[in-house]
Structures are given as structure tokens and as C-alpha cells.
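S.K.: Just so you know, the working numbering puts the end of the sequence shown at 131, numbered straight through with nothing missing. Note that CB positions come from ideal geometry on N, CA and C, so glycine has one too.
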Amino acid sequence: MVLDAISDVKQFVDVFIGVYILVIFLYVLASWIRLPYSLRPVQRFLHDVCDPYLRLWRRLLPFSAGPLDLSPLAGIVALIALRFVLDALLNRVN
Numbered sequence: 038m039v040l041d042a043i044s045d046v047k048q049f050v051d052v053f054i055g056v057y058i059l060v061i062f063l064y065v066l067a068s069w070i071r072l073p074y075s076l077r078p079v080q081r082f083l084h085d086v087c088d089p090y091l092r093l094w095r096r097l098l099p100f101s102a103g104p105l106d107l108s109p110l111a112g113i114v115a116l117i118a119l120r121f122v123l124d125a126l127l128n129r130v131n
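Structure follows, in C-alpha cells:
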């Protein structure tokens, strides 16, 4: 019973982080491309979901790469590291 719960939590974490990384990629792509007016709500949704998390990384990055925003890259790397850490912790409990 406990093993099922741990595997369910691991699967949830993996899916959640994977989907959030995908949403960050979509956010970056939508910021590069001028979307038609009918897709502006999608772009606004991506901004509302990703910007609070990426704003944290914008404040923490010690350097600027000119017009290039490196916060999505830092955020994705942090999410992948978080996935590895949580998997290791849940495997230890298991």
C-alpha cells in the first residue's frame, strides 16, 4: 500500500514537472512569434503560469546576456534537478 502511494507520488511529480517544462517551452516560443489575435488568451495564460516562476530566476541570475533572457534555461535546469532530488528521496523512502 505504501509502495503504491510512493510510486503514485513519483509519477505525479514526473508528469507535473514534465508538463511545466513543456509549458515553459511554449511560453518561450510564444514570446518569439507574434500570435494572431485569436490566440492572445493562450499567450496570456502562458504568461500568467510561467512568469512568476521565471521572475524568481531573473532576480537570482547574477549576469545579463544582453537581450537574451536566460531565466527559462535556469528554470528548466532547476526543475530537472528538483525531479532528480525528489526521485532520490522517494527511492530512499521506498
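For a quick check, are the C-beta atoms of valine 56 and valine 86 less than 8 Å apart?
M.R.: As a working note, residue 56 is residue 19 in the sequence shown. As a working note, residue 86 is residue 49 in the sequence shown. It is not a contact, given that the beta carbons lie outside the stated cut-off.
S.K.: Taking the alpha helix (DSSP H) that isoleucine 113 belongs to, which residues open and close that run?
M.R.: In the sequence shown, the residue the question calls residue 113 occupies position 76. That run of the alpha helix (DSSP H) goes 108 to 130.
S.K.: Who does leucine 83 pair with in a DSSP beta bridge?
M.R.: On the sequence shown, residue 83 is found 46 positions in, with the first residue counted as 1. Per DSSP, none; premise fails for leucine 83.
S.K.: When the Cβ atoms of the stretch 87 to 95 are set against those of the stretch 111 to 121, are three or more pairs found closer than 8 Å?
M.R.: yes
S.K.: Quick one: what's got a C-beta closer than 6 Å to aspartate 106's C-beta in the same chain, skipping five residues either side?
M.R.: Within the sequence shown, numbered from 1, the residue matching residue 106 stands at position 69. Once the five neighbours on either side are set aside, aspartate 106 has no close Cβ partner at all.
S.K.: Around the Cβ of serine 75, are there at least 16 other Cβ atoms within 10 angstroms (buried) or fewer (exposed)?
M.R.: Position 38 of the sequence shown, counted from the start, is the residue given in the question as residue 75. When all chains shown are included, serine 75 counts as exposed.
S.K.: Check this for me: beta carbons of leucine 119 and serine 108, under 8 Å apart or not?
M.R.: Residue 119 sits at position 82 when you count from the first residue of the sequence shown. Residue 108 sits at position 71 when you count from the first residue of the sequence shown. Cβ atoms of leucine 119 and serine 108: not closer than 8 Å.
S.K.: What is the DSSP secondary structure of leucine 98, counted as helix, strand or coil?
M.R.: Residue mapping note: residue 98 aligns to position 61 of the sequence shown, counting from 1. Three-state DSSP puts leucine 98 in coil, outside helix and strand.
S.K.: Indicate the three-state DSSP secondary structure (helix, strand or coil) for leucine 158 in the structure shown.
M.R.: Nothing about residue 158 can be read from this structure; the chain reaches only from 38 to 131.
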